Every structure is written in C-alpha cells, then in structure tokens.
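Note that the working numbering gives residue 197 to position 149 of the sequence shown, counting from 1, and the numbers run on in steps of one.
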Amino acid sequence: MPAVAPELPAEGAIRGAGLRATDSRRAVYDALRGMPHATADLVFAAVVESVPGTSLQSIYNALGDFTRAGLVRRIEPAGHPGMYELRVDDNHHHLVCAICGAVEDVDCAVGAAPCLTPSETRGFVVDEAEVVYWGRCATCVAAEASLSPALHTPIIRNPVHTPQKGSAHDRV
Ligand SMILES: [Zn+2]
Ligand SMILES: [Zn+2]
Numbered sequence: 049m050p051a052v053a054p055e056l057p058a059e060g061a062i063r064g065a066g067l068r069a070t071d072s073r074r075a076v077y078d079a080l081r082g083m084p085h086a087t088a089d090l091v092f093a094a095v096v097e098s099v100p101g102t103s104l105q106s107i108y109n110a111l112g113d114f115t116r117a118g119l120v121r122r123i124e125p126a127g128h129p130g131m132y133e134l135r136v137d138d139n140h141h142h143l144v145c146a147i148c149g150a151v152e153d154v155d156c157a158v159g160a161a162p163c164l165t166p167s168e169t170r171g172f173v174v175d176e177a178e179v180v181y182w183g184r185c186a187t188c189v190a191a192e193a194s195l196s197p198a199l200h201t202p203i204i205r206n207p208v209h210t211p212q213k214g215s216a217h218d219r220v
C-alpha cells in the first residue's frame, strides 16, 4: 500500500477510517470541522451548498458511517436532536444550556477517561463516562440579568388563599 499523502484533511481522515472518500462524505467532514456539535440538519444545510443534489438521508448515512468508524462522536442530550463532532479522541463532556440549547465542550472531570468512578461497577469494566452539565449559558444568564428584577419576583396573587393545613375556614 503506497504511503498516503492526503491532499485534504477530510480525504485522509475518511480513508484512514477505512471509508471511501466520496464527495458528500468529504463535504460532511468539512462541515463538521467548522461546526462542532452540529445536527444532521445543520450539516445538510452546509453540504447542500457545495454538493447540490445531496439528500438529508445521505447526510444521515455519512454521519452514521463516520460514527461507526469512530471518526465522529454523536451526542444526544435529553430533549435535543443528535449532534455530531469530530473530537473523538478523548472522553470530554458537554455543557448544555437548558434555555437556548448552546453546547460547549468541557474536559474530563479528573483528566483521563473514564474520568469518573462509579460507586458500584457491578462487575463492569468502565471505559468512559458521559456527563452532561445542564445549566444556562453565559448569553442566557446575561439576558436574564438585564431583565428588570421585578419581572423575576414571583407574583403571589392572593397569599391569603394559599392552602394551609388547618386554615380551611379562613376568609371563605
Ligand atoms: Zn443559552
Ligand atoms: Zn463535544
């Protein structure tokens, strides 16, 4: 086998994973290089510009092939569509904004995979740990802070009617 001198990173990576470097696979790979944690829809929107006639199904096929070949990692935080990224060589985790859905990478909790030790392995050999840190991203926190504090004060319409044990006869 001749030494491969890939003309493009996509070409070499795809061939290196044992796959044929078709136009649409190359375009999918390049799209992910610019958009970590992209959904299939986002990848499709990017690819269809450079490879007209691409179908969403072919994007799913390419992403599935990449994932199985270990070229791409798929994450699927609860309530969100699957997202794909090229950062596969570690056990990094994700920060997910519960408000806008922004996703950021965060390194292993203690530096090396599996990075978290369960209190009970029940005989399993643990290879990796998948952690999602849910919260609000900096943009959403800033947006909240810029709102008037009055809007955040819970409105208690009529505290007298708050159900309380033993007060059923109050102000009926
Ligand atoms: Zn957010
Ligand atoms: Zn990631």
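Just so it is clear, CB atoms sit at the ideal spot from N, CA and C, and this is done for glycine as well. Owing to the predicted nature of the structure, the values given are computational and were not obtained by experimental measurement.
Neighbourhood of residue i by C-beta distance below 6 Å, restricted to the same chain and skipping five residues each side
i	result
Pro57	none
Ser106	Ser72
Heavy atom of ligand 2 within 7 Å of residue i beta-carbon
i	result
His85	yes
Glu124	no
Arg184	no
His128	no
Arg81	no
Glu135	According to the sequence displayed, residue 135 carries Arg and not Glu. The answer is yes for Arg135.
Glu155	Here residue 155 is Asp; the residue named in the question, Glu, does not match the sequence. No.
Distance cut-off 7 Å: residue i Cβ against heavy atoms of ligand 1
i	result
Ala150	yes
Ile62	no
Ile147	yes
Thr115	no
Identified DSSP bridge partners for residue i
i	result
His142	Asp153 and Val180
Tyr132	Ala86 and Arg122
Within-8 Å CB hit, residue i to chain B
i	result
Gly66	The chain labelled as chain B is not found in the depicted structure, where only one protein chain is given.
Other residues of its chain near residue i: CB distance less than 7 Å, five sequence neighbours each side excluded
i	result
Ala61	Tyr77 and Leu119
His209	Caution is warranted here: a pLDDT of 46 is assigned to His209, below 50, making its placement in the model unreliable, and no coordinate value can be reported.
Tyr239	This structure gives no information on residue 239, because the portion of the chain shown stretches from 49 to 220.
Ala146	Trp182, Gly183 and Arg184
Cys188	Cys145, Ile147 and Cys148
Ala79	Ala86, Val91, Ala94 and Val95
Same chain, Cβ closer than 8 Å to residue i, neighbours up to 5 away in sequence not counted
i	result
Val99	Asp71, Ser72 and Ala75
Arg81	Pro57, Ala58 and Leu134
Gly66	Ala117
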